[in-house]
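A quick write-up on the structure given underneath.
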Amino acid sequence: MSPIAAHAEQNPCIGNSVGVTGPAAFGGQAAKMGAEIAIEKINAAGGVLGKPLRFVQYDDAGAPPRGVDNTRRIALADKCVAILGGYHSTVAVAQAEPVNKIGIPYVGIMAANTKAIENGASPNYMFRVSAKDKWVARFLVEQAVKASKSGKVALLYENTGWGNGAVPDVKAAMQAAGKELVALETFNWNDQDMSPQVMRARDAGADVVLFWALDREGNQILRSMDKVGYKPTIIGAWGIAGNLGELAGPLANGVQVIQTYTFMGEMDPKKKALWDKISAKYGMKDPSEIKMGSGVGNAYDAVYILKAAIEKAGAYDWAKVREALYEVNHTGIVADYQPAFDKTDPERQDAILPKYYKLTAWQDGKLLPIEQTPYGKAP
Numbered sequence: 000m001s002p003i004a005a006h007a008e009q010n011p012c013i014g015n016s017v018g019v020t021g022p023a024a025f026g027g028q029a030a031k032m033g034a035e036i037a038i039e040k041i042n043a044a045g046g047v048l049g050k051p052l053r054f055v056q057y058d059d060a061g062a063p064p065r066g067v068d069n070t071r072r073i074a075l076a077d078k079c080v081a082i083l084g085g086y087h088s089t090v091a092v093a094q095a096e097p098v099n100k101i102g103i104p105y106v107g108i109m110a111a112n113t114k115a116i117e118n119g120a121s122p123n124y125m126f127r128v129s130a131k132d133k134w135v136a137r138f139l140v141e142q143a144v145k146a147s148k149s150g151k152v153a154l155l156y157e158n159t160g161w162g163n164g165a166v167p168d169v170k171a172a173m174q175a176a177g178k179e180l181v182a183l184e185t186f187n188w189n190d191q192d193m194s195p196q197v198m199r200a201r202d203a204g205a206d207v208v209l210f211w212a213l214d215r216e217g218n219q220i221l222r223s224m225d226k227v228g229y230k231p232t233i234i235g236a237w238g239i240a241g242n243l244g245e246l247a248g249p250l251a252n253g254v255q256v257i258q259t260y261t262f263m264g265e266m267d268p269k270k271k272a273l274w275d276k277i278s279a280k281y282g283m284k285d286p287s288e289i290k291m292g293s294g295v296g297n298a299y300d301a302v303y304i305l306k307a308a309i310e311k312a313g314a315y316d317w318a319k320v321r322e323a324l325y326e327v328n329h330t331g332i333v334a335d336y337q338p339a340f341d342k343t344d345p346e347r348q349d350a351i352l353p354k355y356y357k358l359t360a361w362q363d364g365k366l367l368p369i370e371q372t373p374y375g376k377a378p
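Be aware that the sequence shown starts at 0, since it is given in numbering that gives the first Met the number 0, and climbs by one per residue.
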């Protein structure tokens, strides 16, 4: 145990470092909403170990240095019992070192980079209630192979920690499927024209293109494809789950995106109850106003998993809560966590198993369950 972690009793607060400003602010805001609603409900029912939970929110704006600073502030100044992590994988990867050095439990709720959680630390204080790119890659490649008539698949990915981290995962998933990518093309944030990349994918014969992109660049790729007359099937990681339909208009129709949770379509009683609270608290009139519903659902479940761990630990104590996380079983809104984490399996510092992943598709500006669109039923 680190000298810092030796201070046994932490404060009854959960910190959150997400980007609530910047071009992908909707992702951070979604995570913040889910956590806030969960903590309000927990406190209304009496809190945890007889104390109300406090929610401490800091903006990292998607910048790794700010995420690192926020981690230290949440752990050492606020002395919170745990920290939630946000939307950007570059931030999550940077947070791993201070999290493990300090010894504060971290539960990621959006960023999917495999190495952020599978970081080699022992003990490892990095946990996640979100998608993981290693598993996302397998899921998306499976969909791509089913959708492709030619068997030729391309990958377009952003030149960041998230995009670069996904490349080996996608290559491994393709190899497991007995195939290789026919084109592998990258781009930078704020690039305006991806015509050379999409032309190379087109000329390689790819009839399915995987996207590891955010909405802003996804829009530019779609416009470049339209410009060169290239119309492949597009299946993307959830970076294009926010406002792609708004940015790209009809060009986004049919673009398929992985999710862990969506408020669109029919609602079961649990989802309806959560939506009613969101609508009342944040003044939303329609579920389509939630950009990145997975962030809401993941954060909501993450808070309840932390609540259960604190109760099992019997104290607001970093090391005890970390150990207790491996003992939590919880029926959440995103998944049935039985258990949430498994200490004997390094891959199982991740709680949401691939069987809970969902395929959605953009249609007329809304991201809907694929079975409710003209683009086929989810496998």
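Idealized CB from N, CA, C, for every residue including glycine.
Enumerate in chain order the residues of its own chain whose CB-to-CB distance from residue i is below 6 Å, with the five nearest sequence positions on each side excluded.
i      : result
Met224 : Val197
Thr159 : Thr89
Tyr336 : His329 and Ala350
Ala247 : Asn218 and Leu221
Gln362 : Asn252 and Thr372
Arg347 : Phe340 and Asp341
Arg127 : Gly107, Ile116 and Asp349
Considering only their Cβ atoms, is the gap separating residue j from residue i smaller than 7 Å?
i      : j      : result
Gln9   : Val19  : no
Thr359 : Pro353 : no
Pro64  : Thr89  : no
Gly26  : Met283 : no
Ala60  : Gly21  : yes
Gln56  : Asn99  : no
Val333 : Thr259 : yes
Arg321 : Pro97  : no
Lys311 : Val47  : no
Asp58  : Cys12  : no
Ile239 : Ala212 : yes
Lys107 : Gly84  : The sequence given here places Gly at residue 107; Lys does not occur at that position. The answer is yes: Cβ separation under 7 Å.
Ala130 : Tyr86  : no
Ala30  : Ala314 : no
Val169 : Leu154 : yes
Tyr356 : Ile257 : yes
Skipping 5 residues on each side, what residues in its chain have a beta carbon closer than 7 Å to that of residue i?
i      : result
Tyr49  : The amino acid at residue 49 is misidentified as Tyr; the sequence shows Gly. For Gly49, where only same-chain residues beyond five positions count, there are no Cβ hits under 7 Å.
Trp134 : Pro353
Asp190 : Glu216 and Gln219
Phe92  : Before going further, note that residue 92 is Val rather than Phe in the sequence given. Excluding sequence neighbours, Val92 sits near Asn112, Lys114, Ala115 and Gly160.
Thr70  : Ser16, Ile82, Gln94, Pro97 and Val98
Lys270 : Phe262 and Ile332
Gly296 : Gly33, Thr259, Tyr260, Ile332 and Val333
Val67  : Ala93, Gln94 and Pro97
Cys79  : Gln9, Asn10, Cys12, Ile13, Gly14, Val55 and Ile73
Tyr229 : Val197 and Arg201
Lys276 : Ile36
Per DSSP, residue i is paired with what?
i      : result
Ala349 : The residue you asked about is not Ala; residue 349 is Asp in the sequence shown. DSSP lists Arg127 as partners of Asp349.
Leu367 : Ala360
His329 : Tyr336
Trp211 : Tyr156
Gln258 : Lys357
Asn10  : Cys79
Asp58  : Val17
Lys50  : Val47
Thr185 : Tyr156
Gly107 : Gly84 and Arg127
Ile38  : Answer is none; Ile38 lacks a bridge partner.
Ile234 : Leu209 and Gln255
What does a CB cutoff of less than 8 Å around residue i pick up in its chain, not counting 5 residues either side in sequence?
i      : result
Lys365 : Gly244, Met263 and Ser287
Asn242 : Phe25, Asp214 and Lys290
Trp274 : Phe262, Met266 and Pro286
On the premise that residue j lies in contact with residue i, defined as a C-beta separation below 8 Å, what is that separation, rounded to the nearest angstrom?
i      : j      : result
Gln219 : Met193 : 6 Å
Gly204 : Lys178 : Contact doesn't hold; Cβ gap of about 13 Å is too wide.
Phe54  : Ala34  : 6 Å
Met109 : Gly294 : 5 Å
Phe186 : Glu157 : 6 Å
Ala339 : Ala323 : Wrong, their Cβ atoms sit about 10 Å apart, outside the cutoff.
Glu117 : Pro268 : So it is not a contact: roughly 36 Å between Cβ atoms.
Ala136 : Ala172 : 4 Å
Any Cβ of chain C within less than 7 Å of the Cβ of residue i?
i     : result
Ile13 : Annotation note: the requested chain C is absent from the structure, which comprises a single protein chain.
ask   = Would the segment 201-216 and the segment 174-192 be scored as touching if the rule is three or more Cβ pairs under 8 Å?
value = yes
message = Assess contact between the segment 30-47 and the segment 302-322, defined as three or more Cβ pairs (one per stretch) separated by less than 8 Å. Is contact present?
response = yes
request  = Mind the definition here: the segment 104-122 touches the segment 164-176 only if three or more C-beta pairs lie below 8 Å; say whether that holds.
outcome  = Yes, the segment 104-122 is in contact with the segment 164-176.
message = Within 8 Å, do at least three Cβ pairs link the segment 136-153 to the segment 227-237?
response = Counting Cβ pairs under 8 Å, three or more are found: they touch.
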